[in-house]
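S.K.:
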Amino acid sequence: MSTPYNPEIIELDAQKYWDDAHSFEVGEDADKEKYYCLTMFPYPSGKLHMGHVRVFTINDVIARYQRLQGKHVLQPMGWDAFGMPAENAAIQRGIPPAEWTYANIEDMRGQLKRLGYAYDWTREVTTCKPEYYRWEQWLFTKMFAKGLVYRKNSIVNWDPVDQTVLANEQVIDGRGWRSDALVERREIPQWFMKITDYADELLDELDRMPGWPESVKTMQRNWIGRSEGVELSFNVDGENEPLTVYTTRPDTLMGVTYMAVAAEHPLAKKSAAANPDVAAFIEQCKQTDAQEATLETMEKKGMSLGMSAIHPLSGEEVPLWVANFVLMTYGTGAVMAVPGHDARDWEFAKKHGLPIKQVIVPADGTDIDIEAAVYLERGVLVNSGQYDGLDFDAAFNAIADHFEEIGRGSRKVNYRLRDWGVSRQRYWGTPIPIIYCDDCDAVPVPEDQLPVLLPEDVEVKGAGSPLKDMPEFVNVPCPRCGKAARRETDTFDTFIESSWYFARYACPDSDSTMLDNRAKYWTPVDQYTGGIEHAILHLLYSRFFQRVMRDEGLTDVSEPFTNLMTQGMVLKDGAKMSKAKGNTVDPAELIKKYGADTVRLFMMFAAPPEQALEWSDDGVQGSFRFLKRFWSAVIDHTAAGKAGALDIGMLTDTQKDLRRKTHQTIAKISDDLGRRHSFNTAVAASMELLNAVNKFTDTSDNGRAAEREALESVVVMLSPIVPHICHALWQELGYESAVIDQRWPEYDESAIELDLVEIVVQVNGKLRGRISVAVDIAKDEVEATALADENVQRFIGDNDVRKVIVVPGKLVNIVV
RNA sequence: GCCGGGGUGGCGGAACUGGUAGACGCGCCGGAUUCAAAAUCCGGUUUCUUCGGAAGUGGGGGUUCGAUUCCCCCCCUCGGCACCA
């Protein structure tokens, strides 16, 4: 009777071996080729969920694969420990956020260890600890000194009942999640980082990042949204100040039939003072939350201000409107409207009976009806006086030149990207290192007074930050003049912590500098894996921070992540797993039932990494069954005694077939894991090889040697995916050393050579026959053999053969 | 609304560079083993069919000897939209 597969015993045994041997702790070895393999670190919510298991397993497979390739691999883990859930837990259960967070980290670390990930735990980083966040406070003061941070008003969601700022996710259908009050937009002063200073570099470098998916690069390009346009000013009837607008379509300037300003615009306010209807409309405009999706989908509303701008070319009066879709904080807070050639302007004009004027015609002379449909393409100018007949480029330049000459405008490069607002009106985050003094204004906290410690022993009651009610935190002397001053009580956006943690893993204990020489060894990250939902914000902020650190002299690296993979979500019954939907699956329970290897295997087999993965309990069963088959295949083999050396010169046909399958599989899995990151097909290929071994009944010496070659290859190649069972089976095969210290099996090209090859024969593109021919046969001979095939002849019948296409080694298509 | 994905048997998926659609697994059906069950093993499994074949990769059109793959239009669905992380 052979030993049954007992995952619990072999998994704990393998994990003990790795722990005792410190297998995954790495130093900086200049002689070895480093490979830095990283996943987006988790928020310590308390329980590991399947999404975590998926991304960590993907990364662990890559890390272990690279180790088998001989690389010096770093795979660290840490905690994105600041954030709102800790405050919510504190409110609901009365536990201080720090206590809750640290307890969660303890739990989750244990769960990760049970899954057998090859982490270097000596480098663990926890962002809510002062040793970590002091360095982002320090960097902020450096950025302050360089003018890379500044303060300005910006819009937040304001809950008028709770008297607090809400996060977008706390706004549900325009109402506060706790109070149910209608949310308003409100302007408050906040700190900003000048990411727009780096906009061009962040954009241009995307062209030189072959290791990133095109879709992510496209999303970032569109997000940065570089555009070339013209800023020009319109005089306003009865006003001294001109109204400035930005447009990328100066060629449509003669089509302007109205202009629109934001509700907060000075001209709107002025009109409201005299007109109660406008005042009421402006109040109504504030009754909306601050999300762009809300703004873009809400009903476009507007009202005439009873004022006029003067068209700078025609001198005609153009009515001025206030509109709810124009925002004071974006651009100049005013837009020129060309309803003939802009979709939103067209819709607005139709609704409010404003005139639509066609000033562009299609270049190919097609007739269009501008009242029936807006025309957005670039074309040729009409109804534009001296500019008639010009194309887009000529008109753009002529009109831009004209405004530059008369000093009423200028060419301007504009970005959709806005500066990064980093202030949050919350407690559980990094304190912004600023002190406000009545005389000296905002003063950064001097280096020798850092870190500004976040008090951890607090009571979180509900709305608003407890920091405001802590005089011992707030009241400080001004670092510049010594006068009584007040500390900033806002904290950083938690995206700050995740914008540089990847570099800190290299030197988590460095207490004299943010990054030391060890970061030069390990960065950039060679492989970064995380959710597609981070395609823009986290990844763009990280690219920005890397450059800020570079320009501070901390590193020479500009791009933090050389290769990026974005993995899909884990779904159940077609929906994202969530507590609210009640469709969660607890990894801990599954591990208890089947072991970590089964869970890891299912995760890798059920779907390609980039796609959403549909959870299936039956599928997990199937993975478990496969591991049992894998286990007994090796045990049965070793039970029959030690196999001798393989004699390649004396192979029978069936032995050759198995050996061919073995080496085809080595080639396939090497490519799937190393190049394609196609783990599901790699698992399928292992299953095929194991199926072939199970059908193989040759017990001769050479037969057993061929079988042993197949089994040893599978054990090494599956070890990145199911490391525990492979650790045990490698020992079972009689080896003293551990499978993690093996090298990837070598592919023997001569093993897959064939004498005959099967060729598919089609008639008019339809499969009609198969022929077996020598590999090196000439093209016309293949054609002749194909035409001679009985079934092929039947389908050709009396028809004339018009054409024969021969794809060597693959198929013949006969066209009749 | 805008930007980026995805859509293939009953289900998850495969087909990598335009060349055999459905690898591998699940489920189901049949068989073996068993007193019986679980477990395990073997075989079958896109649909329709007059058993010759025919149709078929979200829908419609196009390019090609040949399209899941390339192009155009449309539908559904998921992710992001700057304070969830």
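If you use numbering that gives the first Met the number 0, the first sequence corresponds to residues 0 to 815, in order. Every residue, glycine too, gets a C-beta built ideally from N, C-alpha and C. Please read these numbers as outputs of a predicted model, since none were measured by experiment.
#1: Considering Cα atoms alone, identify which of V715, S270, M297 and M253 is closest to G314.
#2: From L114, K141, C725 and S422, pick the residue whose C-alpha is nearest to that of N152; which is it?
#3: Check whether the Cβ atoms of E487 and I433 lie closer than 8 Å to each other.
#4: Alpha carbon to alpha carbon, how far is L672 from I281? Give it in angstroms, no decimals.
#5: How about V52 and V598: do their beta carbons lie closer than 8 Å?
#6: How big is the Cα-Cα spacing for T287 and D276?
#7: What are the boundary residues of the beta strand (DSSP E) that P318 is part of?
#8: Taking the alpha-carbon positions, what's the K694 to E748 distance?
#9: Reducing DSSP to helix, strand and coil, say where Y593 ends up.
#10: Would you report the Cα separation of V379 and R549, rounded to the nearest angstrom?
#11: Could you check the C-alpha separation between P3 and L165 for me, to the nearest Å?
#12: Contact check, I90 vs V337 under 8 Å by CB: the rounded distance?
#13: Tell me which same chain residues have a C-beta within less than 7 Å of the C-beta of V762, skipping the five on either side of it?
#14: Secondary structure at S557, three-state DSSP: helix, strand or coil?
#15: Going by CA-CA distance only, name the one from Q74, M49, D30 and G69 that's closest to P523.
#16: Are at least three pairs of beta-carbons, each pair with one atom in the stretch 753 to 770 and one in the stretch 704 to 724, less than 8 Å apart?
#17: Assess, as a yes-or-no matter, whether the stretch 39 to 47 is touched by the stretch 80 to 88 under the definition of 3 or more beta carbon pairs within less than 8 Å.
#18: S214 to Y414, Cα distance in whole Å?
#19: What is the rounded straight-line gap between the Cα of Q741 and the Cα of L67?
#20: Quick check: what's the CA-CA separation for V774 versus D19?
#21: Mapping the DSSP letters down to three states, classify S178 as helix, strand or coil.
#22: For N690, which three-state DSSP category applies?
#23: Please name the residue in I634, K112 and T490 whose C-alpha comes closest to that of Q730.
#24: Return the CA-CA distance between M0 and F623, expressed in angstroms with no decimal places.
#25: Does the beta-carbon distance from V317 to A267 come in below 8 Å?
#26: Going by C-alpha to C-alpha distance, which of L688, A644 and H723 sits closest to A819?
#27: What is the DSSP secondary structure of Q526, reduced to helix, strand or coil?
#28: Quick check on the burial criterion: 16 or more other C-beta atoms within 10 angstroms. Buried or exposed for Y500?
#29: As a quick exercise: from Y746, E10 and V25, pick the residue whose alpha carbon is nearest that of R517.
#30: Along the chain, which unbroken stretches of the beta strand (DSSP E) at least 3 residues long are found entirely within the stretch 199 to 248?
#31: Tell me the rounded alpha-carbon separation between L242 and W614.
#32: On the DSSP bridge assignment, give the partners of D440 in chain order.
#33: So what does D158 bridge to, in DSSP terms?
#34: Within the same chain, show all residues whose beta-carbon is closer than 8 Å to that of V124, passing over the 5 residues directly before and after it, in chain order.
#35: According to DSSP, is N582 helix, strand or coil?
#36: Is the Cβ-Cβ distance between Q566 and I57 less than 8 Å?
M.R.: On the basis of the coordinates in this document:
#1: What you label residue 314 is simply residue 315 of the first sequence in a count that begins at 1. Comparing Cα-Cα distances from G314 to each of V715, S270, M297 and M253, the minimum goes to M253.
#2: Here the question's residue 152 lines up with position 153 in the first sequence. For N152, the nearest C-alpha among the options comes from S422.
#3: Numbered from 1 along the first sequence, position 488 holds the residue referred to as residue 487. Numbered from 1 along the first sequence, position 434 holds the residue referred to as residue 433. Going by C-beta atoms, E487 is nearer than 8 Å to I433.
#4: As a working mapping, residue 281 is identified with position 282 in the first sequence. As a working mapping, residue 672 is identified with position 673 in the first sequence. Those two C-alpha atoms are separated by around 59 Å.
#5: For the purposes of this step, residue 52 is identified with residue 53 of the first sequence, where counting begins at 1. For the purposes of this step, residue 598 is identified with residue 599 of the first sequence, where counting begins at 1. In this structure, V598 lies closer than 8 Å to V52 by Cβ.
#6: Translated into positions along the first sequence, residue 287 becomes position 288. Translated into positions along the first sequence, residue 276 becomes position 277. For T287 and D276, the distance between alpha carbons rounds to 19 Å.
#7: Numbered from 1 along the first sequence, position 319 holds the residue referred to as residue 318. Per DSSP, P318 belongs to the beta strand (DSSP E) from E316 to A322.
#8: On the first sequence, position 695 is the one that residue 694 refers to. On the first sequence, position 749 is the one that residue 748 refers to. Rounded to the nearest angstrom, the two C-alpha atoms are 24 Å apart.
#9: In the first sequence, residue 593 corresponds to position 594, counting from 1. Note: Y593 maps to helix in three-state DSSP.
#10: What you label residue 379 is simply residue 380 of the first sequence in a count that begins at 1. What you label residue 549 is simply residue 550 of the first sequence in a count that begins at 1. Going from the Cα of V379 to the Cα of R549 covers about 47 Å.
#11: The residue given as residue 3 occupies position 4 in the first sequence. The residue given as residue 165 occupies position 166 in the first sequence. So the alpha carbons of these two residues sit roughly 56 Å apart.
#12: The residue labelled residue 90 in the question sits at position 91 within the first sequence. The residue labelled residue 337 in the question sits at position 338 within the first sequence. Between V337 and I90 the Cβ distance is about 50 Å, and since that is not below 8 Å, they are no contact.
#13: The residue you call residue 762 lines up with position 763 of the first sequence. Excluding sequence neighbours, V762 sits near V791, F794, I795, I813 and V815.
#14: Here residue 557 refers to the residue found at position 558 of the first sequence. The answer is coil: DSSP assigns S557 none of H, G, I, E or B.
#15: To locate residue 523, count along the first sequence from 1; it is residue 524. Answer by Cα proximity: Q74.
#16: no
#17: yes
#18: Start at 1 with the first residue of the first sequence, and residue 214 comes out as number 215. Start at 1 with the first residue of the first sequence, and residue 414 comes out as number 415. Rounded to whole angstroms, S214 to Y414 spans 20 Å at the Cα level.
#19: In the first sequence, counting from the first residue as 1, residue 741 sits at position 742. In the first sequence, counting from the first residue as 1, residue 67 sits at position 68. Roughly 6 Å between the two C-alpha positions.
#20: Taking the first sequence and counting its residues from 1, one reaches residue 774 at position 775. Taking the first sequence and counting its residues from 1, one reaches residue 19 at position 20. The alpha-carbon atoms of V774 and D19 are separated by roughly 53 Å.
#21: As a working mapping, residue 178 is identified with position 179 in the first sequence. Of the three classes helix, strand and coil, the one that applies to S178 here is coil, per DSSP.
#22: Translated into positions along the first sequence, residue 690 becomes position 691. The answer is helix: DSSP assigns N690 an H, G or I state.
#23: One-based indexing of the first sequence puts residue 730 at position 731. For Q730, the nearest C-alpha among the options comes from I634.
#24: On the first sequence, residue 0 is found 1 positions in, with the first residue counted as 1. On the first sequence, residue 623 is found 624 positions in, with the first residue counted as 1. With a pLDDT of 40 at M0, under the threshold of 50, the modelled position of that residue is not reliable, and no figure is offered here.
#25: Within the first sequence, numbered from 1, the residue matching residue 317 stands at position 318. Within the first sequence, numbered from 1, the residue matching residue 267 stands at position 268. No, they are not a contact pair.
#26: Any property of residue 819 remains undetermined from this structure, which presents the chain solely from 0 to 815.
#27: On the first sequence, position 527 is the one that residue 526 refers to. In this structure, Q526 counts as strand in the three-state DSSP scheme.
#28: The residue given as residue 500 occupies position 501 in the first sequence. Y500 should be labelled buried.
#29: Walking along the first sequence from the start, residue 517 turns up at place 518. Of the listed residues, the one whose Cα sits closest to R517 is V25.
#30: 225 to 235 and 242 to 246
#31: By one-based count along the first sequence, residue 242 stands at place 243. By one-based count along the first sequence, residue 614 stands at place 615. Answer to the nearest angstrom: the Cα atoms are 57 Å apart.
#32: Along the first sequence, one-based indexing puts residue 440 at 441. Partner(s): C436.
#33: Taking the first sequence and counting its residues from 1, one reaches residue 158 at position 159. Its beta-bridge partners are T163.
#34: Residue mapping note: residue 124 aligns to position 125 of the first sequence, counting from 1. The answer, listed in chain order, is F40, P75, G77, W78, Y131, Y500, R503, Y504 and P507.
#35: Here residue 582 is taken as the residue at index 583 of the first sequence, counted from 1. In the structure shown, N582 sits in coil (DSSP, three-state: anything other than H, G, I, E or B).
#36: Within the first sequence, the letter at position 567 stands for residue 566. Within the first sequence, the letter at position 58 stands for residue 57. In this structure, I57 lies closer than 8 Å to Q566 by Cβ.
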